[in-house]
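Since the structure comes first, as structure tokens, the remarks are kept for the end.
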Amino acid sequence: MAIIVQKYGGTSVGTVERIQAVAHRVQKTVLAGNSLVVVVSAMGKTTDDLVKLAKEISTNPSRREMDMLLSTGEQVSIALLSMALQELGQPAISLTGAQVGIVTEAKHSRARILEISTERIASHLDEGKVVVVAGFQGVTSSALPGGSQVTREITTLGRGGSDTSAVALAAALEACCCEIYTDVPGILTADPRLIPDAQVMAEITCDEMLELASLGAKVLHPRAVEIARNYGITLVVKSSWTDEAGTKVISPSPCARSLEGLELVHPVDAVEFDADQGKVSMLRVPDRPGVAAELFGEIGRQDIDVDLIIQSIHEGNTNDIAFTVASNAASRASSVATAILPALGSSQARSQAGARERGEVIADNNIAKVSIVGAGMIGRPGVAAQMFATLADAGINIGMISASEIKVSCTIAAQEGDRAVEILCQAFDVSSHQATFPGRAVGTSALPGRAVGTSPETPVRGVALDKNQARLAILSVPDRPGIAAQIFGLLAQHQISVDIIIQSQRCRVINGVPTRDIAFTVAQSQVEVARLALEELRSVRGRPEKSEWGYSEIVVRRAIAKVSAVGIGMVKHPGVAAQMFAALAAQQINIEMIATSEIKISCVVAEAEGVKALQAIHAVFGLAGGQTIMVPP
Ligand code: ADP
Ligand code: ASP
Ligand code: MG
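Numbers given in our numbering equal positions in the sequence shown, counted from 1, plus 7.
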């Protein structure tokens, strides 16, 4: 009999009636001839209520006790669902994570799953029972590497982690599919709470979903998508209230992967290299709505395909925008940029000191782009830092950096390309045949995990808003190999994940030391820790590099929002970025930072404009439908 794993979220089991409705749905699937494992979340807002309760007792409760507390929420719902099934005459048994044997790392409140024992579940399924498993929780291993025994501890996987429990169980049990039942009819083109006429997508690839989930589309836990992608699990997101088909999350074909260290697979699947790149930098363009739209609108009209785009932080009232194109288009792109410069009003731009600043276009045909790719980078800030350190150790200077959830790309001097690929393959244990060369390859991209053959009509699949970010900028950092590694290595030590990373194009020489600005976004909750860590790095006390860092300055801006558009179709539609920038300009929304990858464009805007920005880009890509999605309370 086929095994199906179904997961029901908090709202879906929020009341007795809803639990009974879930029991009916589960029984229907069993009667259709399937073996069923059901994962449930805590009822309604139970987890939030438990968090509040803890805060009334302690402002800083220990993570161990928090796990002990929060794991009780799921224990209530598994018992009630099991009883509801038994009431229907359907044999069922509830099991906690520890009873199943969902073994995790010993990291309270954010544990990753290491392995899952399937024996107990399998024997209950053989008895004809439905096995109801508590989501979001696991237990640490009892054995230490030396063979001695330690006490088992209850852990949780992080908020929203029941999705991850369900997909991990599906992988361990080799289930035929994993169905995630929730309070919306599937994955929508945007959060329906912000955009009521968002549409349900029939399908989405794992890569697109990984980006969206990490960008604030909390309908799926990103780690659940990561497991589905790595193990080729068929994942479907559906409504708990209707029988509609929902959204299929398309995984690459299953590959034989060991279930050992389930969530601790290699963070990097591939190293990509593109030698065929040219860079155009526009320095000191005015900081006003519409500039990026005008520039990339014109580039698009000339039919030039843009790859990376980054826009750095402001200096005075000017910005720098840099982008890469195929090297044979670089001189054309540079002519377009030069021609448009006067029209952008660059001569009116003023520096902070009030002096007139002249815009400037610099083209560099001598660059290559090297990237690391892998779903396992999510939530592992050390991976990007390791890339920067590897390049630095080899004396390779990084030009532009663009980081997305599953990919970090750096531009470097073209002649360093082959060496960079070799050392990155070594550092991340990627065999050289997994290194791909998009610039040289013909045909479809060899991005791992990309479902080939899905051709969406619109280049953008969905949009997301993340209001939880803050921007940190370090101004005037010395420009030499190793600086990015130092900064992001330090942040990684503090477990701080960085999202958009941008290194300015403008180089300022201060006391003979060339300097640049580096700006990046982090979660608001981590910005203070990040600032303090960087202050420490910058502080001149007893440091040999004292004179180098002496002129730097750290600037924090909290009131930002990040709006992003995601879609694999972007690869074949050059004008997408220009369209997004134009939609924001039409609303008079100024773009503070831009970062792109092949399947994502993100813009940082003022926090107060976040929702308006999201609505504007959702509308411009034709994602709105006629139907309003009702979100139950
Ligand atoms: P569950 O309790 O079932 O796990 P969640 O609250 O975790 O449900 O996730 C479902 C919610 O995610 C929806 O009610 C919706 O408000 C929100 N959401 C955000 N972005 C999206 C999106 N792109 N598609 C669907 N839902 C989204
Ligand atoms: N109950 C947990 C939470 O609210 C886990 C989950 O619902 O996925 O975060
Ligand atoms: Mg959820």
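For each residue, glycine too, the CB sits at the ideal point set by N, CA and C.
Not one heavy atom of the ligand MG lies closer than 7 angstroms to the C-beta of D314. Counting only beta-carbon distances shorter than 6 angstroms to the non-hydrogen atoms of the ligand ADP, the qualifying residues in chain order are G16, G17, T18, S19, S48, G167, T189, D190, V191, I194, L195, A197, D198, P199, R200, A224, K225, V226, G469 and V638. Judged by beta-carbon spacing, V563 lies within the 8 angstroms limit of V534, meaning their Cβ atoms are closer than that value. Counting only unbroken stretches of 4 or more residues, the alpha helix (DSSP H) elements lying wholly within the stretch 591–636 are 617–627, in sequence order. Residue pairing of S101 in beta bridges, as defined by DSSP: V139.
Assignment of beta-bridge partners to Q318 by DSSP yields I328 and I601.
Of the candidates Y238, S504, I490 and I525, the residue whose Cα lies closest to the Cα of G402 is I490.
When DSSP states are grouped into helix, strand and coil, T147 belongs to the strand group. Distance from the Cα of H625 is smallest, within the candidate group V470, T147 and E429, for V470. Between A585 and H501, the alpha-carbon positions lie close to 37 angstroms from each other. For S78, the distance from the CB to the nearest heavy atom of the ligand ASP is not below 7 angstroms. Residues P98, A99 and I100 of the same chain have their beta carbon placed closer than 7 angstroms to that of K136, with the five preceding and five following residues left out of the count. If the five residues before and after A602 are omitted, its C-beta is found closer than 7 angstroms to the C-beta atoms of I317, S409, I507, I509 and S609, all from its own chain and listed in chain order. Residue burial is scored here from C-beta neighbours: P259 has at least 16 other C-beta atoms within 10 angstroms and is therefore classed as buried. When secondary structure is reduced to three states using DSSP, C514 falls in the coil class, being assigned neither helix nor strand. Judged by their CB atoms, S42 and I85 are not nearer to each other than the 8 angstroms cut-off. By the criterion of at least three beta-carbon pairs nearer than 8 angstroms, the stretch 300–307 is not in contact with the stretch 246–253. Beta-carbon to beta-carbon, S172 and V146 are separated by about 12 angstroms, too far to satisfy the 8 angstroms threshold. Where D371 is concerned, the enclosing beta strand (DSSP E) starts and stops at E367 to V380.
Sequence-distant Cβ neighbours of F395 in its own chain, meaning closer than 7 angstroms and more than five residues away, are I405, A491, A492 and F495. In the DSSP assignment, P485 falls outside any alpha helix (DSSP H) and within the unbroken beta strand (DSSP E) covering Q476 to P485. Contact fails between the stretch 264–280 and the stretch 212–222, because fewer than three Cβ pairs, one in each stretch, are under 8 angstroms apart. With a beta-carbon spacing of about 6 angstroms, S19 and D190 fall inside the 8 angstroms limit used to define contacts.
Counting along the chain, the unbroken beta strand (DSSP E) around G469 starts and ends at G469 to D473. Per the Cβ contact rule, the stretch 588–607 is not in contact with the stretch 167–182 (fewer than 3 Cβ pairs under 8 angstroms).
Residue burial is scored here from C-beta neighbours: D486 has at least 16 other C-beta atoms within 10 angstroms and is therefore classed as buried.
The C-beta of E122 has 16 or more other C-beta atoms within 10 Å across all chains shown, which makes the residue buried.
One Cα belongs to I430, the other to P488, and the distance between them is close to 15 angstroms.
Sorting E24, R295, M587 and D473 by C-alpha distance to the C-alpha of G51 places E24 at the top.
Between E210 and I240, the gap from beta carbon to beta carbon reaches 8 angstroms or more.
A check of alpha carbon separations from A105 across Q144, Q93 and K474 identifies Q144 as the nearest. Rounded to whole angstroms, the separation of the alpha carbons of T103 and A49 is 12 angstroms. In the DSSP annotation of this structure, Q422 is not part of any beta strand (DSSP E), being labelled neither H nor E. As a beta-bridge residue in DSSP terms, Y15 pairs with V47 and Y188.
Annotation: the continuous alpha helix (DSSP H) that includes E543 extends over V534 to R545. The shortest C-alpha to C-alpha distance from S438 to any of V33, E279 and L88 is the one to E279.
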